[in-house]
Amino acid sequence: MQHPPIPLSKPDISELERSYVQEVMASSRLAMGPMIAKFEQRMATLCNTKHAIAVSSGTAALHLIVRGTGIGAGDEVITTPFSFVASSNCVLYEGATPCFVDIDPQSLAIDPDRIESAITPATKGLLAVDVFGQPANWPRLKEIADKHGLILIDDACEAPGAEIEGIQIGAWGRAAAFGFYPNKQITTGEGGCITTNDDVLTDLCRSMSNQGRFVTHKMDHVRLGYNYRMNELSAAVGCAQLERLPELLANRQRVADLYADALTPLRSDIHVPQPLPGSTRSWFVYVIQLAGHFGQAARDTALKLLQEQGIGCAPYFPSIHLQSFYRDTFGYKEGDFPICESISNRSIALPFFTTLSADEVSRVAEVLASVLPQLTRKERTIHT
1 MQHPPIPLSK
11 PDISELERSY
21 VQEVMASSRL
31 AMGPMIAKFE
41 QRMATLCNTK
51 HAIAVSSGTA
61 ALHLIVRGTG
71 IGAGDEVITT
81 PFSFVASSNC
91 VLYEGATPCF
101 VDIDPQSLAI
111 DPDRIESAIT
121 PATKGLLAVD
131 VFGQPANWPR
141 LKEIADKHGL
151 ILIDDACEAP
161 GAEIEGIQIG
171 AWGRAAAFGF
181 YPNKQITTGE
191 GGCITTNDDV
201 LTDLCRSMSN
211 QGRFVTHKMD
221 HVRLGYNYRM
231 NELSAAVGCA
241 QLERLPELLA
251 NRQRVADLYA
261 DALTPLRSDI
271 HVPQPLPGST
281 RSWFVYVIQL
291 AGHFGQAARD
301 TALKLLQEQG
311 IGCAPYFPSI
321 HLQSFYRDTF
331 GYKEGDFPIC
341 ESISNRSIAL
351 PFFTTLSADE
361 VSRVAEVLAS
371 VLPQLTRKER
381 TIHT
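Under our numbering, the first residue of the sequence shown carries the number 1, and numbering increases by one thereafter.
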C-alpha cells in the first residue's frame, strides 16, 4: 500500500487569519499601521512585559538586542553551540565574539554549571536559547548574570507560550527575541519580535528597526539603522495566531503525547523528549535522539531511510562550532563541546504540526521501527 508523504512541518492557517489579512487589504495601509500596534500589544500581554517591538525576523530581533545593549568589538558573549546558527551570528554582526559553553543533556540548553569558568574580563553578555521550546534554566542564568554584571539575553524564537517557575518566556533578562517562521508555534510568514521591560532599549530598537529615525513620522535619521520593520499583512496573520495560541499549543501538546505513546516500544534505541520539573514547554518540534550505541553515520542513514519512505525529517541541530564558517574562522574542531556534538550527531526531528493525525504518528513510528534494525551500532556506547 502506497502511503502519502508526511511533511516535516505545516502551518495552521484558519479563516481568522484570512479575515484579518482581508481587513488589511481593504484598508490600503500595508505598512506601519494599526495591525502592528495590535500585534505588539498582544505579544507584550503574552510575555507580561511593558514593551514589544515587531520586526522582520527573529534574527533581526536578536541583532537589534545585541546592538541596542551596547555589545560590540572586543566583547565576548557566552552562548550555546546547540542552536540555529543565527543566535551566534548576531553576536558577530556587531564585531563581538561568541564564546561557546557546552549544554545540559536534558534541557539541551546551555549548562549553567559550566558558565562561570568561561567568564573572562572581556565577557559582556550571556545569550541563552530555549531549545525546541524547552525553557533554559533562567533562574540560574539570571543569578550568574547578576553576580557578574552580564547582559542577559533570551533567544526565545522557539518558545512562545513557555514558562519557568511561573514566569513567561519573554520576560527574563534584558530582552527576548521571538521568530515566526512557518514551522513555529505561531507564524507571520516571516517575522520576529522583541519583548522587554527596558524603556531605553525599546526606543533604540524601534529607531534602529526603522532606518534609525528618531520618531516614525519625521525623516530625521539620528543613528545607523536597518529596514527591519514587520509589515501589516504579517502582523494580521500574527494577531490571529496569537488569538488562537492556546488552541495551537494544545494541539501541539496532543501530537507530542501521541508520539510519546507510539514510540514507547522503541525506547531501547531512542531517547524522546522528557518534561522537566518547574517549567512548561511550548512544543516547537519533536526531536528524538538515537541511543548512545548509535553515531552520526547511523543517524544519517536513518534520515535517508525515513525520507525514502515519505517521512519528513531533519538533523536538528548541527553543532554551530562545526559549521564550515565557524571552523574556518575560529579553528573549532570535533571534541571541543562533546555533549553538544553527541546530541547533535544523534538527533532526528520527526514530522510535527498541529493537524498531524494519530494515524500519521503511528505511521511515523512504524517506519522508524523498521529503520532502527538496519542501523550499524558503534563499538563503544556513549552515555548522555
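Cβ atoms here follow ideal geometry from the backbone N, Cα and C, with glycine treated the same way.
To which residues does DSSP link residue 91 through a beta bridge?
Numbered from its first residue, the sequence shown carries residue 91 at position 91. Answer by DSSP bridge pairing: none, since residue 91 is not bridged.
Tell me, which residues are paired with residue 193 by DSSP?
Translated into positions along the sequence shown, residue 193 becomes position 193. Residue 193 is bridged to 54 and 178.
For residue 365, I'd like the list of residues in its chain whose CB is within less than 6 Å of its CB, leaving aside the five on either flank, ordered along the chain.
Translated into the one-based positions of the sequence shown, residue 365 becomes position 365. Only 262 and 263 meet the Cβ criterion.
From the DSSP output, which residues share a beta bridge with residue 97?
Here residue 97 refers to the residue found at position 97 when the sequence shown is read from its first residue. Partner(s): 76.
Can you give me the C-alpha to C-alpha distance between residue 246 and residue 291, rounded to a whole angstrom?
Stepping through the sequence shown from its first residue, residue 246 is reached at position 246. Stepping through the sequence shown from its first residue, residue 291 is reached at position 291. Going by the C-alpha atoms only, they are around 33 Å apart.
Give me the residue from 9, 20 and 62 with the minimum Cα distance to residue 243.
Numbered from its first residue, the sequence shown carries residue 243 at position 243. Minimum Cα distance to residue 243 is reached at 20.
Within the region 269-326, ranges of the alpha helix (DSSP H) (whole runs, at least 4 residues):
296-308
Helix, strand or coil at residue 158 [DSSP, three-state]
In the sequence shown, residue 158 corresponds to position 158, counting from 1. Of the three classes helix, strand and coil, the one that applies to residue 158 here is coil, per DSSP.
If we count the other Cβ atoms within 10 Å of its Cβ and call it buried at 16 or more, is residue 35 buried or exposed?
Position 35 of the sequence shown, counted from the first residue, corresponds to residue 35. So residue 35 ends up on the buried side.
I'd like to know if the region 158-175 and the region 95-103 are in contact, where contact means that at least 3 CB-CB pairs between them fall below 8 Å.
Using a Cβ-Cβ distance cut-off of 8 Å, the region 158-175 and the region 95-103 are not in contact, since fewer than three pairs of beta carbons, one from each stretch, lie closer than that value.
May I ask which residues mark the beginning and end of the beta strand (DSSP E) holding residue 350?
Within the sequence shown, residue 350 is the residue found at index 350, counting from 1. Taken as a continuous stretch (DSSP letters only), the beta strand (DSSP E) holding residue 350 covers 347-350.
Name, in chain order, the residues that DSSP records as bridge partners for residue 123.
Indexing the sequence shown from 1 puts residue 123 at position 123. 76, per the DSSP bridge assignment.
Which one or two residues does DSSP pair with residue 129 in a beta bridge?
In the sequence shown, counting from the first residue as 1, residue 129 sits at position 129. Paired residue(s): 155.
Count the other CB atoms within 10 Å of the CB of residue 333; is the residue buried (16 or more) or exposed (fewer)?
Here residue 333 refers to the residue found at position 333 when the sequence shown is read from its first residue. Counting Cβ neighbours within 10 Å, residue 333 comes out exposed, since fewer than 16 surround it.
Cβ distance (whole Å) where residue 282 is taken to contact residue 182 below 8 Å:
Along the sequence shown, read from residue 1 onward, the residue named residue 282 stands at position 282. Along the sequence shown, read from residue 1 onward, the residue named residue 182 stands at position 182. Not really, about 16 Å apart at Cβ, beyond 8 Å.
On a CA-only basis, which of 3, 86 and 214 is nearest residue 320? Give me that one, please.
Walking along the sequence shown from the start, residue 320 turns up at place 320. If we check each option's Cα against that of residue 320, 86 comes out closest.
From residue 101 to residue 117, what distance separates their C-alpha atoms?
Your numbering for residue 101 matches position 101 in the sequence shown. Your numbering for residue 117 matches position 117 in the sequence shown. Taking the straight line from one Cα to the other gives about 9 Å.
Three-state secondary structure (DSSP) at residue 334?
Taking the sequence shown and counting its residues from 1, the one referred to as residue 334 is at position 334. Correct three-state label for residue 334: coil.
Starting from the Cα of residue 14, find the closest Cα among 186, 191, 230 and 112 and give me that residue.
By 1-based counting over the sequence shown, the position of residue 14 is 14. Closest by alpha carbon: 186.
For residue 77 versus residue 109, is the C-beta spacing smaller than 9 Å?
The residue you call residue 77 lines up with position 77 of the sequence shown. The residue you call residue 109 lines up with position 109 of the sequence shown. Not closer than 9 Å, so no.
Among 69, 107, 362 and 335, which has the Cα closest to the Cα of residue 126?
On the sequence shown, position 126 is the one that residue 126 refers to. Out of 69, 107, 362 and 335, 69 has the C-alpha closest to the C-alpha of residue 126.
According to DSSP, is residue 251 helix, strand or coil?
Residue numbering aside, residue 251 sits at position 251 when the sequence shown is read from its first letter. Residue 251: helix per DSSP, three-state reduction.
Pull up the CB-CB distance for residue 112 and residue 67, whole angstroms please, since I reckon it's below 8 Å.
Translated into the one-based positions of the sequence shown, residue 112 becomes position 112. Translated into the one-based positions of the sequence shown, residue 67 becomes position 67. No, residue 112 and residue 67 are not in contact; Cβ-Cβ is about 26 Å, not under 8 Å.
Flag this pair as yes or no: are the beta carbons of residue 299 and residue 347 separated by less than 9 Å?
Counting from one through the sequence shown, the residue named residue 299 turns up at place 299. Counting from one through the sequence shown, the residue named residue 347 turns up at place 347. It is a contact, given that the beta carbons lie within the stated cut-off.
State the start and end residues of the unbroken alpha helix (DSSP H) segment that holds residue 238.
Position 238 of the sequence shown, counted from the first residue, corresponds to residue 238. Its alpha helix (DSSP H) spans residues 232-243.
Do residue 202 and residue 238 have their beta-carbon atoms positioned less than 9 Å apart in this structure?
As a position in the sequence shown, residue 238 is number 238, starting the count at 1. As a position in the sequence shown, residue 202 is number 202, starting the count at 1. For residue 238 and residue 202, no; Cβs fall outside 9 Å.
Between which residues of its own chain and residue 233 is the CB-CB distance below 7 Å, once the five residues before and five after are set aside?
Working through the sequence shown from its first residue, we reach residue 233 at position 233. Around residue 233: 21, 24 and 30.
Alpha carbon to alpha carbon, how far is residue 82 from residue 340?
The residue labelled residue 82 in the question sits at position 82 within the sequence shown. The residue labelled residue 340 in the question sits at position 340 within the sequence shown. Rounded to whole angstroms, residue 82 to residue 340 spans 6 Å at the Cα level.
If you draw a straight line from the alpha carbon of residue 114 to that of residue 275, how long is it in whole angstroms?
On the sequence shown, position 114 is the one that residue 114 refers to. On the sequence shown, position 275 is the one that residue 275 refers to. Between residue 114 and residue 275, the alpha-carbon positions lie close to 22 Å from each other.
Let's test the definition: count the other Cβ atoms within 10 Å of the Cβ of residue 210 and tell me whether it reaches 16, buried, or not, exposed.
For the purposes of this step, residue 210 is taken as the residue at position 210 of the sequence shown. Residue 210 is buried by the Cβ-count criterion.
The alpha helix (DSSP H) enclosing residue 17, as first and last residue numbers
For this step, residue 17 is matched to residue 17 along the sequence shown. From DSSP, the alpha helix (DSSP H) with residue 17 extends over 15-27.
Output the distance between the C-alpha atoms of residue 369 and residue 2, rounded to the nearest integer angstrom.
In the sequence shown, counting from the first residue as 1, residue 369 sits at position 369. In the sequence shown, counting from the first residue as 1, residue 2 sits at position 2. Approximately 18 Å between the Cα atoms of the pair.
Can you check whether the CB of residue 194 is closer than 9 Å to the CB of residue 178?
Counted from its first residue, the sequence shown places residue 178 at position 178. Counted from its first residue, the sequence shown places residue 194 at position 194. Closer than 9 Å, so yes.
Tell me, to the nearest whole angstrom, how far the beta carbon of residue 317 is from that of residue 344; I am working on the premise that it is less than 8 Å.
The count along the sequence shown starts at 1 and reaches residue 317 at position 317. The count along the sequence shown starts at 1 and reaches residue 344 at position 344. Beta-carbon to beta-carbon, residue 317 and residue 344 are separated by about 6 Å, close enough to satisfy the 8 Å threshold.
Could you have a look at residue 31 and say whether DSSP puts it in helix, strand or coil?
Within the sequence shown, residue 31 is the residue found at index 31, counting from 1. Three-state result, residue 31: strand.
Distance CB(residue 386)-CB(residue 149) smaller than 9 Å:
This structure cannot speak to residue 386, because the chain is shown only from 1 to 384.
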